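I have placed the structure first, in the form of structure tokens, so that the comments after it can refer back to it.
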Amino acid sequence: TMGGRLPLAVIAGLLIYITGSLSNHIQEDDPTHLAVNNVRNVRSALKEAIVENKKKDGKSSNKGKGNKNGRQRNIKKKNIRRKKKIDKIKNAKKSAKNEKNEKTKIMQRRRKQKKKDKKAYKDQSRQTQTCSGITEVDTTCLENARFVLVFEANQVTNYLKQSKILIRHDKQTSNKQGKKGEFEEAARHMLWAVGGNISNPKCGSNDTSLLTRAKETRDLQSTLSNYEKLLNCSAKIQEACTTPNKSYNVTIAAKIKTCNDTMEEFKDEVASCFDLEDPTTQCACWDKAKVAMNNIKKLKCSTKVNQKEIAINKNSCVKVFIDCKKMEDASVELIYKCMDDHSMRLINQTAESLHSGAMKDTAMLLAEAEEKN
10 TMGGRLPLAV IAGLLIYITG SLSNHIQEDD PTHLAVNNVR NVRSALKEAI VENKKKDGKS
70 SNKGKGNKNG RQRNIKKKNI RRKKKIDKIK NAKKSAKNEK NEKTKIMQRR RKQKKKDKKA
130 YKDQSRQTQT CSGITEVDTT CLENARFVLV FEANQVTNYL KQSKILIRHD KQTSNKQGKK
190 GEFEEAARHM LWAVGGNISN PKCGSNDTSL LTRAKETRDL QSTLSNYEKL LNCSAKIQEA
250 CTTPNKSYNV TIAAKIKTCN DTMEEFKDEV ASCFDLEDPT TQCACWDKAK VAMNNIKKLK
310 CSTKVNQKEI AINKNSCVKV FIDCKKMEDA SVELIYKCMD DHSMRLINQT AESLHSGAMK
370 DTAMLLAEAE EKN
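The sequence shown begins at 10 in this note's numbering and counts up one residue at a time.
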């Protein structure tokens, strides 16, 4: 080939050149000596060319094999590194999962142990409080204590909670009902802002500009609408905040008070039984508490139905009151928009009446002080 071997045409040309030279030298010089030297030179050149070609062929073939083997080794190493990396990630995930599972198991064991310890402590506390010392008590004593404690934890606790909610809701509705007159004052101020005559209301300065007059007309409509709603607030609050007689009345209130007082006394009596150390005395206390429990059951104390009805009534009352409060807040801006010269007369009259009333009150106080002296 042209890249690795000496071209045959060159070798052939070299032979022709040498042969031609040989023939010339044979004719000019000593034929025998020159022929031998030329043949030796040709053979030596041929050997060197052949050896050189073989060396180059060997290097070329070895180089190709080396590159191929090198690429295979690199691919193999890359695959090995990739596999190690994947295995490392898998092992890390597996380790994290195992660690998380181990923590979960530890927390579960701790919770279970905590529940066991708490239960054991309660059992031990009840046993030491109910059965003091080493004296044995009969089954009746233990049963009385169990009935009394369960009744106190369930019926008594729930009733006292419900009765307090009922009384609080009734008090809230009564308070809201007592504030119904506040909105009439706001309505009166709005009436002053429009000139004091609801049949001929005025708003703003009655400017001749069309845009200004259109705005004042809208403000006047909003003011009149708000004025009517504020006037109706008292009646609406009176209706919404009045507790129905069937839900709460004097008789129901008296019975609730009786039940509450009796149950509070019952709780104090149960608490006193825990302080007794003598088993016989403690059993007598549980027996007495059971009698009190049966007496409470005879009262048939129940507020569940009444409490629900009063809660519904309270929510309705609060909603109406909040709506009126919002209208009262809106009246401040509407009064500012509509108030003008037509409002000053009423405001001045109010200031004069307040001043006159204050002077009269002061005179009365001075007269009383002089009489005492």
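For every residue, glycine included, the Cβ atom is placed at its ideal position computed from N, Cα and C. Remember, it's a predicted structure, so these values are computed and weren't measured experimentally.
>> What does the alpha-carbon distance come out to for the pair L375 and A339?
In response: Linking L375 to A339 through their CA atoms gives a straight-line distance of about 42 Å.
> Is it the case that the Cβ atoms of I246 and Q186 are separated by a distance below 9 Å?
Replying inline: Using a Cβ distance threshold of 9 Å, I246 and Q186 count as a contacting pair.
> According to DSSP, is T251 helix, strand or coil?
Replying inline: T251 sits in coil when the DSSP states are folded into three classes, being neither helix nor strand.
> Using a Cβ-Cβ cut-off of 8 Å (strictly less than) and excluding sequence neighbours within five positions of K211, which residues of its own chain qualify?
Replying inline: Once the five neighbours on either side are set aside, the close Cβ partners of K211 are V203, G204, L229, C347, D349, H351.
>> Whole angstroms are fine: how far does the CA of S281 sit from the CA of C150?
In response: Going by the C-alpha atoms only, they are around 16 Å apart.
> By how many angstroms is the C-alpha of E111 removed from the C-alpha of T139?
Replying inline: Because the pLDDT of T139 is 46, which lies under 50, any placement of that residue in the model is unreliable, and the question is left without a value.
>> Output needed for F160: all residues of its chain with C-beta closer than 7 Å, excluding positions within five of it in sequence on either side, in chain order.
In response: The residues are M302.
> In chain order, what residues of the same chain lie with their CB nearer than 7 Å to the CB of T271, ignoring the 5 residues before and after it?
Replying inline: Taken in chain order, the residues that qualify are I305, L308.
> Whose C-alpha, out of K121, Y168, K127, H198, is nearest the C-alpha of Q316?
Replying inline: The residue with the shortest Cα to Cα distance from Q316 is Y168.
> Under the rule that 16 or more other beta-carbon atoms within 10 Å means buried, what is A162, buried or exposed?
Replying inline: By the neighbour-count definition (other C-beta atoms within 10 Å, threshold 16), A162 is an exposed residue.
>> Considering only the alpha carbon of each residue, which of I344, K264, N100, R80 lies closest to G213?
In response: Shortest Cα-Cα distance from G213 to any of I344, K264, N100, R80 involves I344.
>> Under DSSP, the alpha helix (DSSP H) around S183 begins and ends at which residues?
In response: S183 -> alpha helix (DSSP H) spans 166-187.
>> Buried or exposed, going by whether 16 or more other CB atoms sit within 10 Å of the CB of E225?
In response: Classification for E225: buried.
>> If I follow the unbroken alpha helix (DSSP H) through V279, where does it start and stop?
In response: First-last of the alpha helix (DSSP H) with V279: 259-283.
> Thinking C-beta only, is F275 closer than 9 Å to A298?
Replying inline: Closer than 9 Å, so yes.
>> Please report the straight-line C-alpha distance between K323 and V300, rounded to a whole angstrom.
In response: Rounded to whole angstroms, K323 and V300 show a C-alpha spacing of 38 Å.
>> As a quick exercise: from E248, A196, A249, pick the residue whose alpha carbon is nearest that of K238.
In response: Minimum Cα-Cα distance from K238 among the listed residues E248, A196, A249 corresponds to A196.
>> Helix, strand or coil for I207? Go by DSSP, reduced to three states.
In response: Coil, per DSSP.
> Quick one, are the C-beta atoms of I174 and A320 less than 9 Å apart?
Replying inline: When the beta-carbon positions are compared, I174 and A320 come within less than 9 Å of each other.
>> Let's test the definition: count the other Cβ atoms within 10 Å of the Cβ of E337 and tell me whether it reaches 16, buried, or not, exposed.
In response: Label assigned to E337: buried.
>> Just verifying my parser: in three-state terms, what is the DSSP assignment at T312?
In response: Note: T312 maps to coil in three-state DSSP.
> In whole angstroms, what is the alpha-carbon distance linking I207 and L240?
Replying inline: The alpha-carbon atoms of I207 and L240 are separated by roughly 13 Å.
>> Which same chain residues end up closer than 7 Å to L233 when comparing Cβ atoms and leaving out the 5 residues on each side of it in sequence?
In response: Cβ-Cβ distances below 7 Å link L233 to P210 in the same chain, with the five nearest sequence neighbours on each side left out; the list follows chain order.
> Does K170 have its Cβ less than 9 Å from a Cβ in chain D?
Replying inline: Checking the listed chains, one finds no chain D in this structure; it contains a single protein chain.
> Excluding sequence positions up to five away, which residues of its chain have a Cβ less than 8 Å from the Cβ of V279?
Replying inline: The beta carbon of V279 sits closer than 8 Å to the beta carbons of V157, L158, E161, A298 from its chain, once the five residues preceding and following it are set aside; these are given in chain order.
> Which of helix, strand or coil does DSSP assign to E193?
Replying inline: Three-state result, E193: helix.
>> Short of 7 Å in beta carbon distance, which residues of its chain neighbour V329, apart from the five on each side in sequence? Order them along the chain.
In response: Apart from sequence neighbours up to five positions away, the residues of its chain that approach V329 with a beta-carbon distance below 7 Å are K245, I246, A249, ordered along the chain.
>> Once DSSP output is grouped into helix, strand and coil, what is the label at E286?
In response: E286: coil per DSSP, three-state reduction.
>> For a quick check, are the C-beta atoms of Y257 and M199 less than 9 Å apart?
In response: Inclusion of Y257 and M199 in the CB contact set at 9 Å is not warranted, their separation being larger than that value.
> With respect to the alpha helix (DSSP H) encompassing N153, which residues constitute its N-terminal and C-terminal limits?
Replying inline: Counting along the chain, the alpha helix (DSSP H) containing N153 begins and ends at 148-160.
>> At the level of alpha carbons, what is the spacing between C326 and T221?
In response: Separation of C326 and T221 (C-alpha to C-alpha, rounded to the nearest whole angstrom) is 40 Å.
> What's the gap between the Cα of R119 and the Cα of K92?
Replying inline: C-alpha separation (whole angstroms): 40 Å.
> Is DSSP giving C347 helix, strand or coil here?
Replying inline: When secondary structure is reduced to three states using DSSP, C347 falls in the helix class.
> Between N153 and D284, is the Cβ-Cβ spacing less than 9 Å?
Replying inline: The Cβ atoms of N153 and D284 lie no closer than 9 Å to each other.
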